[in-house]
Amino acid sequence: MFTNLDTPVEFLKGIGTKRAEILKKELNVFTFYDLLQYFPYKYVDKSKFYTIAEIQHYPNTYIQIKGYITDMSVVGQNKAKRLVANFHDTTGKIQLVWFNNIKYIQESLKRNTSYIVFGKPVLFNNSLNITHPEIRAENEENTQALIPFQPFYNTSEKMKKNSLDSKKISRLLYQLLLEVKEKIIENLPSYILEKLNFIDRRTAFINIHFPQTQQLLKQATDRLKFEEMFFLQLSLLQSHIKNVKNNKGYLMPKVGKMFHEFYAHYLPFPLTDAQKRVIKEIRADFISGNQMNRLLQGDVGSGKTITAVLLMLIVIDNGFQCCLMAPTEILAAQHYSGICKLLEKMDIQIELLTGSTKASKRKTLLPDVENGNVKILIGTHALAEDTVLFHKLGFVVIDEQHRFGVEQRAKLWKKSLSPPHVLVMTATPIPRTLSMTVYGDLDLSVIDQLPVGRKPILTKHFYQHNRDRITYFLKEEINKGRQIYVVFPLIKESETMDFRNLMEGYETFKIDFPEPHYKISCVHGKLNQEEKNTEMQKFLNRETQIMLATTVIEVGIDVPNASVMVIENAERFGLSQLHQLRGRVGRGTDQSYCILLTDVKLTADSRKRIQAMVETNDGFKIADYDLKLRGPGDITGTKQSGMMDFKLINIIEDEKIITTCRNIANSILTEDPQLKNPENTILRDYLSYMKNKHTDYYQIG
Ligand code: ADP
Ligand code: MG
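Using my numbering, the first residue of the sequence shown is number 15, and each one after it goes up by one.
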């Protein structure tokens, strides 16, 4: 029944095939319903009149004035030819200017008639004028005059060229609402409408485009925001419940020999309370009989890896295999060597599989995975390849999730008869609203505590021309036996430029830190994997004291002796990237430092990022800040998929609405998981309509 608005837009009077094509391309508007959901970005109050004297104070904003034309004339030549009318009220004068339809307008305008003019005054040659104003006689009957608020719609250049400007879109919507308003059907049951005091859906759509009053506009917005988020939550939670129900999770009741042996003899440090709590939470999932899908959040350095390893031991104790998927080869290799070292005294076969694993190695490795000898397989997305078959995969750990697509997650699931338990680890704490949305189908655990003895990292901002002071400071640190990272930005568009930056930096460092006293490692994109690993290894073994690199070390690399992170051109990094980089130091017990080097000239945004870094070490604060600066699509990597393209919801500001949506969806589904109760049929119908319409969006998890 919701399909009755799926009529293609070209059938709306005034659109036609060419404009329809443009609407599809530019706005993703295909149907009447899509167009109804193309909401204005602002409204101008047309119930208010300004005097000409007043508008001097409001240049560049849309206003409405009332007055008379005293005289008009055509001036200028060719392209500059225009009609200029002097327009007066009792307080002053303004010029109205038209470049198009000059003749027609000149003939239709009359002197000494009271006109209402609507437009945007701009300052030109020291006086205000309005180009192409809307103008109508005060006594003229006019549908638009009945609209107290003028809606404004975003339009692209291409749209404007094809006369699809804001005004035209507004007219189209007016027309559309006239034609189809009877077809706008309620999609929320009356008990929700009553509970939240919502206006009905038809009134909401009419008033979000053409609000009768400010209050109705707010009511319309609230209601439509709610439905935008509510159905997404309903869908996410429903698929979560379905997964829990359908995916009988592997039972792993035992805490056995492997876990106990490691815990008693080889655990290198006591766990933090937060780590212990998370292990308990996940243990509960292992014995619940349901399949776990859990997000593990913990700031850089909070010790997610060891937590995952302990859980892997429980999984192995119960006769299952584990895999750990990392976003880059370097990180996978580091996890591999780190975990091998942790478990070296234990009899557990651990293997590494990445894109660069040689065919000869694969020949023995893959069968070993398939017959179950390999208990822990570590790798990159290569793990998801079809050739990788497990004997009994029980536990999948995904590190730094935000770089993986939803599809990869799904692909790993299919590697087992029943889907394995899945733990997604992320170091970038995600603001709550966002995790409820993007990861709405996951449970959440948080390691909100750093290991004891960590001193907060001191972060300082320096300009490039203060290098000498930094060089001096770095030498002091090296003389104390510490190691130093120096990171150069990586510009995707220009690999050669990156390389040059890094190489120039390398030359400078070689002069400032001469051999044989100082030794420098340099890792960059032109090295092959083996060469990179050699350089990294040298740094790990303390053969070199300085590690120069592009962002390859952004995630993962773990050298507790490194105490200084120098970030060159820090203004070119994103906030969460900077925070990640900083997390590479401060892992030992020494005081660590993060030095942000920038140009003197900084954009306002860069300055804010640098300031945030200097002010706080708190990953949650950084994440909130980042979300505000960059927007959600960028952060979750879902920009392309359009998943974060909400029409009305603002992930940052609408936390309350999002929480309400989630709570209501939750309570409905607890009572009626399949939405079978008669009062919920309406929800089920609309949800299935939406799932059909947005296959990518509503079928996560
Ligand atoms: P992240 O959460 O960023 O992945 P890691 O798991 O790499 O952090 O851990 C960071 C460092 O802290 C590692 O050197 C690890 O050995 C160490 N570590 C982890 N847990 C503890 C703990 N409870 N006490 C002391 N050091 C710890
Ligand atoms: Mg990590």
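Ideal Cβ placement from N, Cα and C applies to all residues, glycine included. The model shown is predicted, which means the values in this text are computed figures rather than measured ones.
Sequence-distant residues of the same chain with beta carbon closer than 8 angstroms to residue i, five excluded per side
{"i": "Glu582", "result": "Val500, Val501, Phe502, Pro503, Asn515, Gly519, Leu611"}
{"i": "Leu701", "result": "Phe245, Leu248, Ser249, Gln252, Leu689, Tyr712"}
{"i": "Ile722", "result": "Residue 722 cannot be examined here, being either before or after the span of the chain that is shown, 15 to 715."}
{"i": "Thr65", "result": "Ile79, Asp103, Thr104, Thr105, Gly106"}
{"i": "Ile330", "result": "Met272, Cys336, Ile362, Lys389, Ile390"}
Straight-line Cα distance separating residue j from residue i
{"i": "Arg596", "j": "Asn555", "result": "21 angstroms"}
{"i": "Ile672", "j": "Ser535", "result": "48 angstroms"}
{"i": "Val599", "j": "Pro574", "result": "7 angstroms"}
{"i": "Gln229", "j": "Arg644", "result": "31 angstroms"}
{"i": "Gln164", "j": "Tyr703", "result": "32 angstroms"}
{"i": "Glu521", "j": "Ala34", "result": "58 angstroms"}
{"i": "Tyr607", "j": "Phe487", "result": "11 angstroms"}
{"i": "Leu403", "j": "Leu265", "result": "21 angstroms"}
{"i": "Pro470", "j": "Gln605", "result": "8 angstroms"}
{"i": "Ile220", "j": "Cys675", "result": "23 angstroms"}
{"i": "Glu24", "j": "Asn176", "result": "14 angstroms"}
{"i": "Ala340", "j": "Lys239", "result": "36 angstroms"}
{"i": "Leu123", "j": "Gly588", "result": "55 angstroms"}
{"i": "Thr217", "j": "Thr45", "result": "20 angstroms"}
{"i": "Phe63", "j": "Glu193", "result": "31 angstroms"}
{"i": "Tyr280", "j": "Pro434", "result": "27 angstroms"}
{"i": "Gly495", "j": "Pro282", "result": "23 angstroms"}
{"i": "Asp48", "j": "Asn387", "result": "54 angstroms"}
{"i": "Ile649", "j": "Met326", "result": "Residue confidence for Ile649 is low, a pLDDT of 48 falling below 50, so the modelled location carries little weight and cannot support an answer."}
{"i": "Ala618", "j": "Lys290", "result": "42 angstroms"}
{"i": "Ser316", "j": "Asn677", "result": "30 angstroms"}
{"i": "Glu275", "j": "Ile293", "result": "17 angstroms"}
Same chain, Cβ closer than 6 angstroms to residue i, five either side skipped, listed in chain order
{"i": "Phe101", "result": "Gly81, Ile83, Ile108, Leu110"}
{"i": "Ile149", "result": "Tyr129, Val131"}
{"i": "Gln70", "result": "none"}
{"i": "Glu585", "result": "Thr612, Leu616, Ser620"}
{"i": "Thr286", "result": "Gln463, Pro465"}
{"i": "Phe212", "result": "Arg237"}
{"i": "Ala99", "result": "Ile83, Met86, Leu110"}
{"i": "Glu152", "result": "Ser128, Ile130"}
{"i": "Glu296", "result": "Residue identity check: residue 296 is Ile in the sequence provided, not Glu. Leu325."}
Sheet register partners of residue i (DSSP bridge)
{"i": "Lys262", "result": "Asn304"}
{"i": "Lys474", "result": "Ile609"}
{"i": "Asp457", "result": "Arg308"}
{"i": "Lys107", "result": "His102"}
{"i": "Leu137", "result": "Leu142"}
{"i": "Ala347", "result": "Bridge partners of Ala347: none, in fact."}
{"i": "Ala563", "result": "Val501, Val537"}
{"i": "Cys336", "result": "Ile390, Phe409"}
{"i": "Asp59", "result": "Phe163"}
{"i": "Asp236", "result": "Note: Asp236 sits in no beta bridge, so no partner."}
Closest residue to residue i among the options (Cα-Cα distance)
{"i": "Leu641", "options": "Gln591, Lys134, Gln688", "result": "Gln591"}
{"i": "Lys119", "options": "Lys56, Asn680, Met86", "result": "Looking at the sequence shown, residue 119 is not Lys but Ile. For Ile119, the nearest C-alpha among the options comes from Met86."}
{"i": "Ile29", "options": "Pro162, Lys124, Lys182", "result": "Lys182"}
{"i": "Pro225", "options": "Lys197, Tyr280, Phe166, Glu196", "result": "Phe166"}
{"i": "Leu338", "options": "Lys56, Leu397, Thr75, Lys661", "result": "Leu397"}
{"i": "Asn332", "options": "Lys406, Val436, Asn385", "result": "Lys406"}
{"i": "Val438", "options": "Asp482, Lys389, Met243, Gln311", "result": "Gln311"}
{"i": "Met561", "options": "Ile492, Pro22, Arg291, His435", "result": "Ile492"}
{"i": "Asp572", "options": "Lys271, Lys318, Lys117", "result": "Lys318"}
{"i": "Asn664", "options": "Pro22, Lys39, Met243, Tyr57", "result": "Met243"}
{"i": "Ile484", "options": "Asp59, Tyr72, Val578", "result": "Val578"}
{"i": "Asn694", "options": "Ile206, Ser459, Lys93, Leu191", "result": "Ile206"}
{"i": "Phe527", "options": "Met550, Lys489, Leu379, Lys546", "result": "Lys489"}
{"i": "Met725", "options": "Met550, Phe334, Ala626, Ser204", "result": "Outside the modelled stretch of the chain, which goes from 15 to 715, sits residue 725, for which no answer is possible."}
{"i": "Ser370", "options": "Leu448, Met15, Lys546", "result": "Lys546"}
{"i": "Leu391", "options": "Lys372, Ile353, Leu202", "result": "Ile353"}
{"i": "Glu399", "options": "His708, Arg376, Asn385", "result": "Arg376"}
Residue-chain proximity (residue i, chain C), Cβ-Cβ < 8 angstroms
{"i": "Leu186", "result": "Absence of chain C from the displayed structure is noted, only one protein chain being present."}
Limits of the unbroken beta strand (DSSP E) element including residue i
{"i": "Pro165", "result": "163–166"}
{"i": "Ser577", "result": "576–581"}
{"i": "Ser150", "result": "The question names Ser, but residue 150 is Arg in the sequence shown. Run containing Arg150: 148–151, per the beta strand (DSSP E) assignment."}
Heavy atom of the ligand GDP within 7 angstroms of residue i beta-carbon
{"i": "Gln289", "result": "What this structure holds is the ligand ADP and the ligand MG, not the ligand GDP."}
Boundaries of the alpha helix (DSSP H) in which residue i is found, first to last residue
{"i": "Thr227", "result": "Element bounds for Thr227: n/a, residue is neither H nor E."}
{"i": "Glu208", "result": "204–210"}
{"i": "Ala618", "result": "618–629"}
{"i": "Thr65", "result": "Looking at the DSSP string, Thr65 is not in any alpha helix (DSSP H), and its letter there is neither H nor E."}
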